[in-house]
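To keep things clear, I will list the structure first and then write my remarks on it.
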């Protein structure tokens, strides 16, 4: 049986009080906050002014940036066909189990574009593009722009001063020979680094890192779109870099696919030469057999002739397939080109996208004002903690009584 609860006036009063408890708590909290602000108004005002000043310094020290975004759809002009099955068949017939089919999924999928952007060779090639600012038409390279033209906050120089001093002293102590590769001891000797491996200088690595922080690419797998984004301190430079970023990515992948198609063409040419040689050899073998056994009509001779004709027909079919594949590979060299259908082209932005100066001032002011009640909250607890530490360290005899003050 369920218990019956009577809604007596006492229960109704309790329910009403519980419903009104939340607004009452909020009202009490606001009254407490108002009384606290009134009590510490001088300290809060000074702290707020300090926060406003610090926020203004930080906001105007950060340079404004402009972002340009290009949205494109990658596509490929060729489609899958039945040639792939023929290539696999020819690979098995030739004893080569390597898959050289260019219709396979590309190594450079759109999801791997961020890794391509992070590669140092790609960034160094992008550092050579010419750019110019909105106010000045004098062109310079992107590497020179990010190294010498773009501004940085003043605290970067302050924080980097110890590192610069340490590096300067280290260079003075270790730079005995500015070009040790030309010394007589090492002349004519093989170097430890192979010539195919490129050794980059610190300046090149620094430039590549700065360019990488300005670029961003994002892939939308649902819509199959790719976004190329460039963020720099000049709107014209940002637009030029974003467009060059897209073009360099297209050229990079186009070179990869072109090399892949040419390797496939060379492989098809090898198969064609081998199939042609086998067909001509079987044709000569069959002709020689028929000339030498023309007067013989035995069953064994007819069986051997049928076997040679069957091998000749097989060699002829393989030769036709290899020739078809070679022609298809020749057409793919010009057809396999990655294209981007640009949806949103690069445009010079009219307004900066960040940082928001008023937002920085507001956040620093709120942070400075919030430190006042936090300090009042932690101050007695820190004092109590120090008291307990001193109490644990006092001698065994206890604290010595203070001397009496002289009376007037």
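Numbering (this note's numbering), first residue to last: 2 to 409. In this text, a Cβ means the ideal position worked out from N, Cα and C, and glycines have one as well. Keep in mind it's a predicted model, so treat the numbers as computed, not measured.
Exercise. Whose CA, out of 283, 289, 334, lies closest to the CA of residue 314?
Worked result: Closest option to residue 314, Cα to Cα, is 283.
For this session: Within the same chain, show all residues whose beta-carbon is closer than 7 Å to that of residue 154, passing over the 5 residues directly before and after it, in chain order.
Result: Within the same chain, residue 154 has close Cβ partners 62, 63.
Problem set entry | Presumed contact (8 Å Cβ cut-off) between residue 330 and residue 272, rounded CB distance | Actually they do not touch by this definition, with Cβ atoms about 10 Å apart.
Exercise. Between which two residues does the alpha helix (DSSP H) harbouring residue 138 extend?
Worked result: That residue, residue 138, is in no alpha helix (DSSP H); it is neither H nor E in DSSP.
Problem set entry | Buried or exposed (CB count within 10 angstroms, at least 16 for buried), residue 342 | exposed
Problem set entry | Same chain, Cβ closer than 8 Å to residue 119, neighbours up to 5 away in sequence not counted | Around residue 119: 213.
Problem set entry | Alpha-carbon to alpha-carbon, residue 232 and residue 246 | Distance between the alpha carbons of residue 246 and residue 232 is about 12 Å.
Exercise. Mind checking whether residue 334 and residue 262 have CB atoms under 9 Å apart?
Worked result: yes
Problem set entry | Residues bridged to residue 217 (per DSSP) | 230
For this session: Figure out for me which residue from 52, 24, 40 has the closest Cα to the Cα of residue 372.
Result: Ranked by Cα distance from residue 372, the options 52, 24, 40 are led by 52.
For this session: Look at residue 235 and residue 135 and say whether their C-beta atoms are less than 9 Å apart.
Result: yes
For this session: Quick one: residues in its chain with C-beta nearer than 8 Å to the C-beta of residue 133, no 5 flanking neighbours on either side, listed in chain order?
Result: Sequence-distant Cβ neighbours of residue 133 in its own chain, meaning closer than 8 Å and more than five residues away, are 139, 140, 141, 237, 238, 241.
Problem set entry | Same chain, Cβ closer than 6 Å to residue 114, neighbours up to 5 away in sequence not counted | 218
Exercise. Between the beta-carbon of residue 117 and the beta-carbon of residue 230, is there less than 9 Å?
Worked result: Contact: no.
Exercise. Roughly how many angstroms separate the alpha carbons of residue 74 and residue 205, rounded to a whole number?
Worked result: Taking the CA atoms as reference points, residue 74 sits about 32 Å from residue 205.
For this session: Tell me, to the nearest whole angstrom, how far the beta carbon of residue 67 is from that of residue 353; I am working on the premise that it is less than 8 Å.
Result: 6 Å
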